[in-house]
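Novice: Numbering (our numbering), first residue to last: -6 to 258.
Virtual Cβ for every residue (Gly too), placed ideally from N, Cα, C.
Please read these numbers as outputs of a predicted model, since none were measured by experiment.
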Amino acid sequence: MTTTCNLPDTQNNADTRQIVIDKVGIKDISHPIIYIDRDGNKNPTVGNFTMTVTLPKQVKGTHMSRFIEILNAGPCEFNVGNFGRIIDKVHAKLDTDRVHVAVDFPFFRNKKAPSSGVESLMDYQVTLYGVLSEGKTEVMVKVVVPVTSLCPCSKSISKYGAHNQRSHITIKARIAEGKSLHIEDLIDLAEEKASCELYAILKREDEKVVTERAYDNPAFVEDLVRDIAVGLNVNDNIDYYRLESENFESIHNHSAYAVIENEKC
């Protein structure tokens, strides 16, 4: 009978082509996670992971199963501040100098409608990125925040209202060394600067409130990114960000789009 110790470990063989592989590992693996929010609450959701390492030129292959073992080694529980622990585990288990780990997941917040107070869950798409290189770990977070924007030009020239659209604010931020950041901080900033935030459930009285709120707070796509950038610029927990707004126009067959990128350090 063949035992494990008698089986060849082919990926540990030497490779003669002398070519470094920048990233090799697993992609698109779903795994249950627990995300710890700003208030310390544990939020179960499902993450989609990509986990890779750099493969030295003399090594034939990496150990693919070890990535899965890391995810299955216990509760996959983290927040932005301690996401680096997963990178450290990959580094230790695969004995490599460079690690990349990314996970996408839906993050849910309970929101109350502005007038009726009815509660509903609002979802936001989040991505965490972790990189270990030359002994240093960096973590970045990306969140997509859907909001309402109302056109200031349309408001100024129209008798009976103004056209508005749903917009996606995308904030990708790198955490400054020794600092931490909460997803909710980025969501709050984006929703605060929009013409109006979105809700999953609205009663008639709520529809009146959000419609009038958007009308009272018109914003071009340029206004959205500039106003949010002001908040990101004074946030000492962030040393780099890329900020995008895509407004899905309601009277055009195209989107309005704006980007601000700032390497703060």
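DSSP beta-bridge partners for Y28?
Specialist: N36, F71.
Novice: Can you tell me whether DSSP reads S58 as helix, strand or coil?
Specialist: DSSP places S58 in helix when its eight states are reduced to three.
Novice: Please report how far the alpha carbon of P107 lies from the alpha carbon of L174, in whole angstroms.
Specialist: Their Cα atoms are separated by approximately 27 Å.
Novice: With DSSP as the reference, identify every bridge partner of F76, one or two as the case may be.
Specialist: None; F76 has no bridge partner.
Novice: Check each candidate in S58, D216, N255 and name the one with the smallest Cα separation from S142.
Specialist: For S142, the nearest C-alpha among the options comes from D216.
Novice: Return the chain-ordered list of same chain residues with a C-beta closer than 6 Å to the C-beta of F241, the five sequence neighbours on each side being excluded.
Specialist: The answer, listed in chain order, is Q158, R159, S248.
Novice: Report yes if the C-beta distance between V138 and A183 is below 7 Å; otherwise report no.
Specialist: Yes, they are a contact pair.
Novice: By the DSSP assignment, the beta strand (DSSP E) with N103 in it spans what residues?
Specialist: 91 to 105 is the extent of the beta strand (DSSP E) around N103.
Novice: How many angstroms separate the CA atom of T130 from the CA atom of I221?
Specialist: Answer to the nearest angstrom: the Cα atoms are 27 Å apart.
Novice: What is the DSSP secondary structure of Y250, reduced to helix, strand or coil?
Specialist: Here Y250 sits in strand by DSSP.
Novice: Taking the alpha carbon of K201 as the reference point, which residue from I22, L48, G18, S109 has its own alpha carbon closest?
Specialist: The candidate whose alpha carbon is nearest that of K201 is S109.
Novice: Output needed for S23: all residues of its chain with C-beta closer than 6 Å, excluding positions within five of it in sequence on either side, in chain order.
Specialist: Only V39, N41 meet the Cβ criterion.
Novice: Looking only at C-alpha atoms, which of Q51, I150, A95, K53 sits nearest to L64?
Specialist: Selected option, being the one with the closest Cα: A95.
Novice: Per DSSP, which one or two residues make a beta bridge with Q11?
Specialist: According to DSSP, Q11 bridges with nothing at all.
Novice: Near A251, what residues of its chain come up, given a Cβ to Cβ distance below 8 Å and the 5 sequence neighbours on each side ignored?
Specialist: Taken in chain order, the residues that qualify are V214, E215, L217, V218, E237, S238.
Novice: Find out if the Cβ-Cβ distance for the pair I180, Y117 is shorter than 7 Å.
Specialist: Yes. Within cutoff.
Novice: Return the chain-ordered list of same chain residues with a C-beta closer than 6 Å to the C-beta of K135, the five sequence neighbours on each side being excluded.
Specialist: Excluding sequence neighbours, K135 sits near T120, K165.
Novice: For I176, does the three-state DSSP call read helix, strand or coil?
Specialist: I176 falls in the helix class under three-state DSSP.
Novice: Going straight from the alpha carbon of T43 to that of V92, what length do you get?
Specialist: The alpha-carbon atoms of T43 and V92 are separated by roughly 11 Å.
Novice: Taking the runs of the alpha helix (DSSP H) that are 4 residues or longer, which of them lie wholly in the segment 170 to 247?
Specialist: Qualifying alpha helix (DSSP H) stretches, in chain order: 176 to 186, 197 to 209, 214 to 226.
Novice: Classify S149 as helix, strand or coil using the three-state DSSP reduction.
Specialist: In this structure, S149 counts as helix in the three-state DSSP scheme.
Novice: Can you tell me the Cα-Cα spacing of E205 and S188, whole angstroms?
Specialist: E205 and S188: Cα-Cα distance of roughly 10 Å.
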